[in-house]
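What follows is one structure encoded as structure tokens, with my remarks underneath.
Number of protein chains: 2
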Amino acid sequence: MTSQFPRTDDVILGPGDDAAVVAAPDGRTVATTDLLVEGRHFKREWSSARDVGHRAVAQNYADVVAMGARPTGLLIGFAAPPELPLAWAEEFTAGVRDECALAGGAVVGGDTVGSDTLTIAITALGDLEGRSPVRRDGARTGDVVAYTGHLGLSAAGLALLERSEAAAGTPVGQSSAGRAGAAPVGEFPVGATDGLAQCLSEHRRPSPPYAAGPEAARLGATAMLDVSDGLVQDLGHVCRASGVCIDLDSNAFRPDPALLEAVRVLGAPEGKTVDAARRLMLSGGEDHALAAVFPPRVRLPEHWHVVGTVGDAPGAEAESSGTRVTVDQNVVENGGWDHFRLD
Amino acid sequence: MTSQFPRTDDVILGPGDDAAVVAAPDGRTVATTDLLVEGRHFKREWSSARDVGHRAVAQNYADVVAMGARPTGLLIGFAAPPELPLAWAEEFTAGVRDECALAGGAVVGGDTVGSDTLTIAITALGDLEGRSPVRRDGARTGDVVAYTGHLGLSAAGLALLERSEAAAGTPVGQSSAGRAGAAPVGEFPVGATDGLAQCLSEHRRPSPPYAAGPEAARLGATAMLDVSDGLVQDLGHVCRASGVCIDLDSNAFRPDPALLEAVRVLGAPEGKTVDAARRLMLSGGEDHALAAVFPPRVRLPEHWHVVGTVGDAPGAEAESSGTRVTVDQNVVENGGWDHFRLD
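Right, dumping it as structure tokens:
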């Protein structure tokens, strides 16, 4: 499986020996690992093999760049039932290859085994290029909170798929032919629009802003993370690690037109679509946006959206009740999002 | 799962952030990954959770040292069904921790998820300490072939377990209480001996000669690999990569007394036990011994057993029929081992 991947300058020794050798010019290696299990982290009915390949790489390299590092190498463990179509494995491999090209890393090794459960294990490596890793514990009172990348689109895409399956038994944008392995993104039934397609695509193939991770490190970010569980929840990790609190300004969140369209389709009442979309931006995970904290006087490029400020750590009472991230000074539960109650 | 592991000097940033940061003082990182799937790579009936933890680490760090590198960091993906006893996960973790201590590496990150199939994904990292990686393609005519570590014991242990299960439905050395998670090694029914216990233990917890990998690199090894599929089969990789052939001298293989005892129990006839044991040494995998090729004038420490020589590459005919590794100048099939026909 690993022989067909292109090499980069970081690959000193590629697949085929006991182990690979990857450049670590900085003298340190950033490393992270994730498991993706069919039925829990992806569904073959909802995502093509190529999508799963893209996503497996994206969520790992997003963690690498969230440390301020540059992606270098990737290792893939692939456990598959014998009846898995060869075409699925080939399309998965193509997705991995293409996402690695987007992120700038290379596949350096892997292991392919049999299993009753289709399972993908990814380990991603990165190089800090001489910078300090941007951890979660460096945020200071007076810093500003910003994000870059998409927020809420993936969650909207997932909600559309769930709604569609519940209604008709066939997911939105997924023809039965698409299930065999070809990329279904863009195959929409009559009536689906570009906005919905974009939300579905972000769910199936998130597009982390890879270059923005090292950029934030160069700009002096004091803390950074990959938004995988939802912005409010993930910024809670920064607050706890840094001993601070964060207040977000809801008016600073400008929903993408695709997201507004999705929340309308999902049933947000007229006049409440912006509110509903903002709640998805606060709570929706898996877009793999980057959230970072910067000193107040840093001039940020415009793709970094400033959405909040860092304040003093709350008292013990606030700490215990988990209210370190507020929106407009108000406590929000689960980022305010409940996809069964959109109104 | 990863918070309880001790740190080493190689751990710059441990578990808990988006990614770990591991020292790579050499400017390169050695990296390898393996998946272990229950029912295919281990059985909970045959190995304790602690054994599985030991083995998962051992087989990955064996690959790292087989490049001539020093183990540094390890990442663990752990996919488990919800009904897995917590005690199993805790014992597995203890096995990982203890084997890391033996190898000299540290656990730096991980991911724990749910799955219907208990699956363990390990990625191991290492540092070359300024040496060139010892690849498979450097063997030259006139070099000598040597190994260090155990050969054949793990295969004998597996054969004993299979024989025992076929005979009685209960594996050798495994009480029913042991299956819940406690280490069963050493729990033998009346009549089992130290030799059999050692073979079972090597199957459950292989003991790779970690220090010998960097040692071989310092001694000038021209090729090296971890013996995981059997010596003859694995040396075939060296032959193909290096464009050479290897002849092994069967008389140079001195079977361990434990191995001789096991082959007697497995049915080798009187007077043929040494032959049978040697066949297991040639074909048995999973002990994770190291096999290396050295220039002829290198003085090897006595734990390196010289067992063969490197010759010129064979002609096209020999290459196509896969006979690059011979024993006493004779072609052997599957290393000469067939555990259904020991006599």
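Just so you know, the protein sequences line up as chains Y and F, in that order.
Counted from 1, the first sequence has number 269 at position 140 by our numbering; the numbering is strictly sequential.
Counted from 1, the second sequence has number 258 at position 129 by our numbering; the numbering is strictly sequential.
Every residue, glycine too, gets a C-beta built ideally from N, C-alpha and C.
**Item:** Selection from Pro425(F), Glu331(F), Thr241(F) and Ala235(F) that minimises the alpha carbon distance to Leu282(F)
**Value:** Reading the second sequence from its first residue, position 153 is the one you call residue 282(F). Comparing Cα positions, the closest option is Glu331(F).
**Request:** Anything in the stretch 409-440 of chain Y with a Cβ closer than 8 Å to a Cβ of chain F? List those residues in chain order, please.
**Result:** none
**Asked** With a cut-off of 8 Å, does the C-beta of Arg470(Y) fall near any C-beta of chain F?
**Response** In the first sequence, counting from the first residue as 1, residue 470(Y) sits at position 341. Interpretation of Arg470(Y) is limited by its pLDDT of 43, a score under 50 that renders its predicted location unreliable; the figure taken from the coordinates is listed afterwards. For Arg470(Y), the answer is no, since every Cβ of chain F falls outside 8 Å of its Cβ.
**Request:** Provide the residue span of the alpha helix (DSSP H) that contains Met353(Y), from first to last.
**Result:** Counting from one through the first sequence, the residue named residue 353(Y) turns up at place 224. It is not in any alpha helix (DSSP H) - Met353(Y) instead sits in the beta strand (DSSP E) that spans Ala352 to Val356.
**Asked** Mind checking whether Ala285(Y) and Cys328(Y) have CB atoms under 8 Å apart?
**Response** Translated into the one-based positions of the first sequence, residue 285(Y) becomes position 156. Translated into the one-based positions of the first sequence, residue 328(Y) becomes position 199. Yes, they are a contact pair.
**Message:** With a threshold of 8 Å, are at least 3 pairs of Cβ atoms found where one atom belongs to the stretch 234-253 of chain Y and the other to the stretch 191-209 of chain Y?
**Reply:** yes
**Request:** Could you spell out where the alpha helix (DSSP H) holding Asp340(Y) opens and where it closes?
**Result:** Sequence index remark: in the first sequence, residue 340(Y) carries index 211 (1-based). Checking the sequence shown, residue 340(Y) turns out to be Ala, not Asp. From DSSP, Ala340(Y) is part of no alpha helix (DSSP H); its letter is neither H nor E.
**Message:** Which of the three DSSP states is assigned to Gly437(F) in this structure?
**Reply:** Within the second sequence, the letter at position 308 stands for residue 437(F). Three-state DSSP puts Gly437(F) in a strand.
**Message:** For Ala191(Y), which residues in the same chain have their Cβ closer than 6 Å to its Cβ, ignoring the five residues on either side in sequence?
**Reply:** Numbered from 1 along the first sequence, position 62 holds the residue referred to as residue 191(Y). Closer than 6 Å at the Cβ level, and outside the excluded window around Ala191(Y), lie Pro337, Asp355 and His417.
**Request:** Could you spell out the range, first to last residue, of the beta strand (DSSP E) harbouring Thr248(F)?
**Result:** Counted from its first residue, the second sequence places residue 248(F) at position 119. Counting along the chain, the beta strand (DSSP E) containing Thr248(F) begins and ends at Thr248 to Asp256.
**Request:** Look at the alpha carbon of Ala406(Y) and the alpha carbon of Glu212(F), and state the distance between them as a whole number of angstroms.
**Result:** As a first step, residue 406(Y) is located in the first sequence; it is residue number 277 there, counting from the start. As a first step, residue 212(F) is located in the second sequence; it is residue number 83 there, counting from the start. Spanning the two alpha carbons is a distance of roughly 38 Å.
**Three CB pairs or more closer than 8 Å across the stretch 333-352 of chain F and the stretch 169-181 of chain F** = yes
**Asked** So is Ser261(Y) buried or exposed if we call it buried at 16+ other beta carbons inside 10 Å?
**Response** Position 132 of the first sequence, counted from the first residue, corresponds to residue 261(Y). Exposed.
**Request:** Alpha carbon to alpha carbon, how far is Leu289(Y) from Ser371(Y)? Give it in angstroms, no decimals.
**Result:** Your numbering for residue 371(Y) matches position 242 in the first sequence. Your numbering for residue 289(Y) matches position 160 in the first sequence. So the two alpha carbons sit approximately 36 Å from each other.
**Prompt:** List, in order along the chain, the chain Y residues whose C-beta lies closer than 9 Å to that of Ser371(F)?
**Reply:** Reading the second sequence from its first residue, position 242 is the one you call residue 371(F). By Cβ distance, chain Y contributes nothing, its closest Cβ being about 12 Å from Ser371(F), past 9 Å.
**Asked** Which residues share a DSSP beta bridge with Gly202(Y)?
**Response** Your numbering for residue 202(Y) matches position 73 in the first sequence. DSSP, once it has assigned bridges, lists Ala235(Y) as partnering Gly202(Y).
**Request:** Please classify Thr137(F): is it buried, with 16 or more other beta-carbons within 10 angstroms of its beta-carbon, or exposed?
**Result:** One-based indexing of the second sequence puts residue 137(F) at position 8. Buried, by the Cβ-count rule.
**Item:** the stretch 134-146 of chain Y: positions lying closer than 9 Å to chain F by Cβ
**Value:** Ile141, Leu142, Gly145 and Asp146
**Message:** Within the continuous alpha helix (DSSP H) that includes Ala75(F), where are the two ends?
**Reply:** This structure leaves residue 75(F) out entirely; chain F is present only between 130 and 472.
**Request:** Give the single residue among Val151(F), Thr158(F), Gly145(F) and Gly271(F) whose Cα lies nearest to the Cα of Val194(F).
**Result:** Indexing the second sequence from 1 puts residue 194(F) at position 65. Checked all of Val151(F), Thr158(F), Gly145(F) and Gly271(F); the closest Cα to Val194(F) is Thr158(F).
**Message:** Pop quiz: Thr222(Y) and Gly182(Y) are said to be a contact at Cβ under 8 Å. What is the actual Cβ separation, rounded to whole angstroms?
**Reply:** As a working note, residue 222(Y) is residue 93 in the first sequence. As a working note, residue 182(Y) is residue 53 in the first sequence. With 8 Å as the limit, Thr222(Y) and Gly182(Y) qualify as a contact, their Cβ atoms being about 6 Å apart.
**Asked** Hey, is Glu431(Y) close to the ligand FAD, as in C-beta under 7 Å from one of its heavy atoms?
**Response** In the structure shown, the ligand FAD is absent, as is every other ligand, since no ligand is present at all.
**Prompt:** When the distance is taken between beta carbons, is Pro343(F) closer than 8 Å to Glu228(F)?
**Reply:** Here residue 228(F) corresponds to residue number 99 of the second sequence, with the count starting at 1. Here residue 343(F) corresponds to residue number 214 of the second sequence, with the count starting at 1. Taking 8 Å as the Cβ cut-off, Glu228(F) and Pro343(F) do not qualify as a contacting pair.
**Request:** Report buried or exposed for Pro200(Y), applying the criterion of at least 16 other Cβ atoms within 10 angstroms of its Cβ.
**Result:** Position 71 of the first sequence, counted from the first residue, corresponds to residue 200(Y). When all chains shown are included, Pro200(Y) counts as buried.
**Item:** N- and C-terminal bounds of the alpha helix (DSSP H) containing Leu164(Y)
**Value:** Here residue 164(Y) is taken as the residue at index 35 of the first sequence, counted from 1. Looking at the DSSP string, Leu164(Y) is not in any alpha helix (DSSP H); the run it does join, the beta strand (DSSP E), is Arg157 to Val166.
**Request:** Determine, using beta carbons only, whether Ala352(F) and Val422(F) come nearer to each other than 8 Å.
**Result:** Here residue 352(F) refers to the residue found at position 223 of the second sequence. Here residue 422(F) refers to the residue found at position 293 of the second sequence. Yes, these two residues count as a Cβ contact at 8 Å.
**Spatial neighbours of Thr322(Y) in its chain, beta-carbon cut-off 7 Å, leaving aside the 5 residues before and after** = Here residue 322(Y) refers to the residue found at position 193 when the first sequence is read from its first residue. Glu390.
**Prompt:** From which residue to which residue does the beta strand (DSSP E) around Leu377(Y) run?
**Reply:** By one-based count along the first sequence, residue 377(Y) stands at place 248. Val373 to Leu377 is the extent of the beta strand (DSSP E) around Leu377(Y).
**Request:** Give me the Cα-Cα distance between Trp433(F) and Leu364(F), rounded to the nearest whole angstrom.
**Result:** In the second sequence, residue 433(F) corresponds to position 304, counting from 1. In the second sequence, residue 364(F) corresponds to position 235, counting from 1. Distance between the alpha carbons of Trp433(F) and Leu364(F): 16 Å.
**Prompt:** Based on the DSSP output, what are the partners of Tyr276(Y) in its beta bridges?
**Reply:** For the purposes of this step, residue 276(Y) is taken as the residue at position 147 of the first sequence. Partner(s): Ala420(Y) and His434(Y).
**Message:** Does the CB of Pro154(F) have a neighbour CB from chain Y at under 8 Å?
**Reply:** For this step, residue 154(F) is matched to residue 25 along the second sequence. So yes, Pro154(F) belongs to the interface.
**Prompt:** With a cut-off of 8 Å, does the C-beta of Gly315(Y) fall near any C-beta of chain F?
**Reply:** On the first sequence, residue 315(Y) is found 186 positions in, with the first residue counted as 1. For Gly315(Y), the pLDDT reaches just 39, beneath the cut-off of 50, and the residue's location in the model is therefore unreliable, although a value from the coordinates is still provided. Not an interface residue.
**Message:** If you follow the beta strand (DSSP E) that Thr270(F) is in, where does it begin and where does it stop?
**Reply:** As a working mapping, residue 270(F) is identified with position 141 in the second sequence. Here Thr270(F) belongs to no beta strand (DSSP E), and DSSP marks it neither H nor E.
**Message:** Which of the three DSSP states is assigned to Phe221(Y) in this structure?
**Reply:** The residue labelled residue 221(Y) in the question sits at position 92 within the first sequence. In this structure, Phe221(Y) counts as helix in the three-state DSSP scheme.
**Prompt:** In the DSSP assignment, what residue or residues form a beta bridge with Val242(Y)?
**Reply:** For this step, residue 242(Y) is matched to residue 113 along the first sequence. Answer is Ala208(Y).
**Request:** For Pro262(Y), go through chain F and note every residue whose CB falls closer than 7 Å to its CB, in chain order.
**Result:** Taking the first residue of the first sequence as position 1, residue 262(Y) is located at position 133. Chain F residues near Pro262(Y): Leu142 and Val150.
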